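Notes follow once the structure below has been shown.
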Amino acid sequence: MAVDITLLFKASVKTVKTRNKALGVGPESAKDELVRRNRPKNSFSCKAKDVISNITKLKDFLLQHRKDYVNAGSLLSSDVTHMTDCERDQIDQDAQIFMRTCSDAIKQLRTE
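Next comes the structure, spelled out in structure tokens:
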């Protein structure tokens with residue numbers, strides 16, 4: 010037969026937390042200190058966040074135009090929005106330039 014000692018355990022944990030808080034030790038104080046501490050932002054992390062932001066913007070743009078891009082050749086579609094071959098080529102060209110720029114930025118970050 011199992012005995013439920015949940016209340017005893019909770020009381021023990023509370024006692025230890027109270028004692029540690031009074032002494033100023035324990036994981037809570039260390040955890041709070043890490044959370045509150047402002048870390049200096051270096052150029053690497055700022056550049057890395059910029060690269061991530063740019064890649065996300067490209068992804069969002071491509072997803073936004075995906076339906077029109079893929080359905081451009083469909084003549085049976087009754088959709089009003091049709092993308093021309095010229096518009097598709099322009100998206101391809103811009104995306105390739107953007108990806109090259111992001112790739113160069115990543116290579117530069119690797120050397121830092």
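Numbering (the numbering used here), first residue to last: 10 to 121. Cβ atoms here follow ideal geometry from the backbone N, Cα and C, with glycine treated the same way. Quick caveat: nothing in here was measured; it's all calculated off a predicted structure.
Going straight from the alpha carbon of Phe-107 to that of Leu-67, what length do you get? To locate residue 107, count along the sequence shown from 1; it is residue 98. To locate residue 67, count along the sequence shown from 1; it is residue 58. Spanning the two alpha carbons is a distance of roughly 8 Å.
So, under 8 Å CB-CB, Ala-57 and Leu-118 are touching, yes? Tell me the CB distance rounded to an integer number of Å. Your numbering for residue 57 matches position 48 in the sequence shown. Your numbering for residue 118 matches position 109 in the sequence shown. About 6 Å; that satisfies the 8 Å criterion.
Rounding to the nearest angstrom, what Cα-Cα distance links Val-34 and Asp-13 in this structure? Start at 1 with the first residue of the sequence shown, and residue 34 comes out as number 25. Start at 1 with the first residue of the sequence shown, and residue 13 comes out as number 4. Val-34 and Asp-13 have their C-alpha atoms roughly 30 Å apart.
Same chain, Cβ closer than 7 Å to Ile-100, neighbours up to 5 away in sequence not counted: Position 91 of the sequence shown, counting from 1, holds the residue named residue 100. The residues are His-74 and Tyr-78.
Taking only three categories from DSSP, how would you classify Lys-50? Counting from one through the sequence shown, the residue named residue 50 turns up at place 41. Here DSSP, grouped into helix, strand and coil, assigns Lys-50 to coil.
Through-space distance from Ser-62 to Asp-94, alpha-carbon basis: One-based indexing of the sequence shown puts residue 94 at position 85. One-based indexing of the sequence shown puts residue 62 at position 53. Between Asp-94 and Ser-62, the C-alpha separation is close to 29 Å.
Could you check how far apart the C-beta atoms of Ala-104 and Leu-71 are, in whole angstroms? I think they sit under 8 Å. Translated into the one-based positions of the sequence shown, residue 104 becomes position 95. Translated into the one-based positions of the sequence shown, residue 71 becomes position 62. Right, the Cβ-Cβ distance comes to about 7 Å (below 8 Å), so this counts as a contact.
Straight-line gap, Ser-3 to Ser-52 (C-alpha atoms, nearest Å): Residue 3 lies beyond the residue range present for the chain, which begins at 10 and ends at 121; the question has no answer from this structure.
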